[in-house]
Ligand code: HAM
């Protein structure tokens, strides 16, 4: 029989107990910012009809074209593991008639996402994102609010040198014209592009601006800039977003080649990057933008929207290397409950619950029978007070308290033990 391979799938990883403090810290940071800005939490399923992403993110994008986990269910439905959160949130908004609620509807989410990417540092096939979406409002103040919130979360987590890269990619009025200009620029330099970009030239020349290949980057450096070709509406919208950012004193840089790799974007797109002391970009932490056409792409009525999302693994790996604070750990127990004999074990389990009701943390080792082994565990945990519940104690309804520092022991009546221990641990 072939040997079983007990390993994670490539690109998948376990979130081990020691990493939970980081996930908790990020979740708490996101939640507190979201609450402050009156965002409500939403959870959408991990599986959606593949069409949701094909229509919203775009068939010719890397995310849908190359990276989606798509399969047929036993019932014959073509479904995908969600590669991102914006399209499902919009699907949910439309499905539940959220346009009947006061607008805009402000939502946030956190959870696992899936992309079949080439594994590399910081890129996984299952990863976690948190995100914010504001649906039903096209005012530029929303764009700046989403940027401010994204910035706030990163600051709250302890990131220092942050820069906001921002661009406008126009809308269905001005973008088609710009695509033509861009296309003719790249066509005349076709042989200098990578094979993928030669294909992109036919499908969507804007995607070339997103290519990370060095040869394409060189060609990109001289390409026409969309901000020079925005229609009046998009230009005015972008100007207002930048004015808001100025007012909020957020550190932003115009990046005329930022397009982001998803089809649903219109007007504002942005990324928050971490920079070195001398201002060099060290990588993107959060990305987002406006998506005023997304609802229509999914077959809904015209509904503007704007949002952002961040990959948690990348943020957490930086928090680890910088040794950023994760906040206080769960309160360490100062009491250990040791037991000896079947009856004592049963009664200790009950006593343990009484301590839980009183919100007093207590360590235990119910699976161990030897008192010596239990005392050794208590010692390792640096616990001062050990409550010993033996046969005699169980019969006579008392418990022996041992001070591990002095070795002194005393007896406490069972119905007084929680109260007395509460007093002891509150004294220093
Ligand atoms: P995105 O840029 O595709 O945008 O993903 C957002 C973030 O998710 C990235 O900046 C990155 O940190 C993280 N991420 C993406 N792929 C991976 C991966 N394979 N492994 C680890 N982290 C990854 C979106 O998903 C849009 N839905 C953002 C948005 C929300 N726009 C508007 N609203």
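Numbering (our numbering), first residue to last: 61 to 488. We put the beta carbon where it would ideally sit given N, CA and C, even for glycine.
| message | the ligand HAM and residue 175: does the residue's C-beta get closer than 8 Å to at least one heavy atom of that ligand? | response | yes
- Task: Using the DSSP secondary-structure output, state which residues sit across from residue 188 in a beta bridge.
- Result: 172
* To do: My understanding is that residue 457 touches residue 473, with C-beta atoms under 8 Å, so please give their C-beta distance in whole angstroms.
  => 7 Å
Do you know whose CA, among 486, 447, 360, lies nearest residue 149's CA?
-> 360
key: Complete alpha helix (DSSP H) runs within the stretch 396-437 (minimum length 4 residues, chain order)   = 402-417
- Task: Determine the burial state of residue 72: buried for a count of at least 16 other Cβ atoms within 10 Å of its Cβ, exposed for fewer.
- Result: exposed
Practice task
Look at the alpha carbon of residue 133 and the alpha carbon of residue 125, and state the distance between them as a whole number of angstroms.
Solution key: 20 Å
Could you tell me the alpha carbon to alpha carbon distance between residue 75 and residue 176, rounded to whole angstroms?
19 Å
TODO: Using 8 Å as the cut-off, classify the Cβ of residue 146 as near or not near the heavy atoms of the ligand HAM, replying yes or no.
DONE: yes
Extent of the continuous beta strand (DSSP E) to which residue 314 belongs:
312-314
- Message: Is residue 267 close to the ligand HEM? I mean its beta-carbon at under 8 Å from any heavy atom of the ligand.
- Response: The ligand HEM is absent from the structure shown, which contains only the ligand HAM.
Checklist line | Coil, strand or helix - residue 463 by DSSP | finding: strand
Is any heavy atom in the ligand HAM found nearer than 8 Å to the beta carbon of residue 454?
no
Beta-bridge pairing of residue 107 - partner residues as DSSP gives them
141
Between the alpha carbons of residue 318 and residue 107, how many angstroms are there, rounded? 30 Å
TODO: Indicate, with yes or no, if the ligand HAM has a heavy atom lying under 8 Å from the CB of residue 460.
DONE: no
### Query
Which residue from 154, 225, 351 puts its Cα closest to that of residue 323?
351
* Would DSSP call residue 493 helix, strand or coil? -> Because the chain in this structure spans residues 61 to 488, residue 493 falls outside the shown range and cannot be described.
(message) Can you tell me whether residue 402 is buried or exposed? The criterion is at least 16 other CB atoms within 10 Å of its CB, across all chains shown.
(response) exposed
Tell me the DSSP secondary structure of residue 469 in three-state form.
strand
Check your understanding: According to the neighbour-count rule (16 or more other Cβ atoms, all chains shown, within 10 Å of its Cβ), is residue 353 buried or exposed?
Key -> buried
Rounded to the nearest angstrom, what separates residue 192 and residue 369 at their Cα positions?
6 Å
Considering residue 298, what are the terminal residues of the alpha helix (DSSP H) in which it resides?
292-307
_Opening and closing residue of the alpha helix (DSSP H) in which residue 249 lies_ = Per DSSP, residue 249 belongs to no alpha helix (DSSP H) and is neither H nor E.
- request: Could you check if residue 364 is buried or exposed, using at least 16 other CB atoms within 10 Å of its CB as the buried criterion?
  value: buried
Pair within 9 Å by beta-carbon distance, residue 101 and residue 161: no
At a cut-off of 8 Å, is residue 351 close to the ligand HAM when judged by its beta-carbon and the heavy atoms of the ligand? yes
*Locate the beta strand (DSSP E) running through residue 227, then write down its first and last residues.*
222-228
Note to self: Just verifying my parser: in three-state terms, what is the DSSP assignment at residue 121?
What the structure shows: coil
**Request:** In the DSSP assignment, find the beta strand (DSSP E) that holds residue 319 and state where it starts and stops.
**Result:** Looking at the DSSP string, residue 319 is not in any beta strand (DSSP E), and its letter there is neither H nor E.
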